[in-house]
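In UniProt numbering, the protein residues as written are 1 to 245.
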């Protein structure tokens, strides 16, 4: 009887060890997330001054909820957009990543190419290549994370693509674009550029959804979306009622 109990205990321990090994295996975790995630669409915001990367997950109602905030290990060049190759600046603006911009075998652990220069950058004549979010905590114009955090971000991006998201929006801001912060930086030579970014920041704050961005006459513009139109109509109605009283 005691012998049978010992055999059962032994098999149980082997099973637990096997399960633990699989759970600690990144590919196993990735498969778990892929199979269990009914809606894995994501959105990324980066804030230079605060030194954070925010990862958002899409909810069933279409809005995006903050999933996790990651400290940026290093970026370079201070505030302001990247303009010239070799200026060591990390970019600011609105970028989109696709599956072919992922590199699981990067010399900096893992990397995600931001797609710089985008349409706006090209319209300004800005130059540069291989601007990334990557690991290894070393930056020359990129946003460098620790390998641990980069692993989590990379997995979330890969899962989103595997589950059908075709592009992932990445919005990069110099700082949280509140009225107070804009006032503090009103004398910056980059202020006119930052004013182009603020409407998209405000739109996401108001709606919980990334703004659709276009480039018009060499400037960023937030496309007219239903939420924007509805909000304007409500404000106009409220104004009209107030005038009638």
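Idealized CB from N, CA, C, for every residue including glycine. Model, not experiment: these values are computed from the prediction.
In this structure residue 84 is exposed. Its beta-carbon is surrounded by fewer than 16 other beta-carbon atoms within 10 angstroms. Counting only runs of at least 4 residues, the segment 175-226 fully encloses the following alpha helix (DSSP H) elements, listed from N- to C-terminal order: 179-184, 191-207. If one requires a minimum length of 3 residues, the beta strand (DSSP E) runs lying completely within the segment 75-158 are 93-97, 111-113, 132-134, in chain order. Judged by DSSP secondary structure, residue 63 falls outside any beta strand (DSSP E); it is assigned neither H nor E.
Considering only 119, 70, 129, the residue with the shortest C-alpha distance to residue 153 is 70. Around the Cβ of residue 92, a 10 Å sphere holds 16 or more other Cβ atoms; the residue is buried. Beyond the five residues adjoining it in sequence on each side, residue 119 comes within less than 8 Å, by CB distance, of 215 in the same chain, given in chain order.
In terms of Cβ geometry, residue 220 and residue 205 do not form a close pair [threshold 8 Å]. In terms of Cα proximity to residue 107, the closest of 127, 99, 139 is 139. Looking at the DSSP output, residue 161 shares a beta bridge with no other residue. The distance from the Cβ of residue 160 to that of residue 168 is about 6 Å, consistent with a contact at the 8 Å cut-off.
Put simply, the backbone Cα of residue 62 is about 11 Å away from that of residue 40. In the DSSP assignment, residue 171 forms a beta bridge with 45, 94. For residue 54, the uninterrupted beta strand (DSSP E) run begins and ends at 52-58, by DSSP. With a 10 Å radius around the Cβ and a threshold of 16 neighbouring Cβ atoms, residue 180 comes out exposed.
The beta carbon of residue 98 sits closer than 6 Å to the beta carbons of 167 from its chain, once the five residues preceding and following it are set aside; these are given in chain order.
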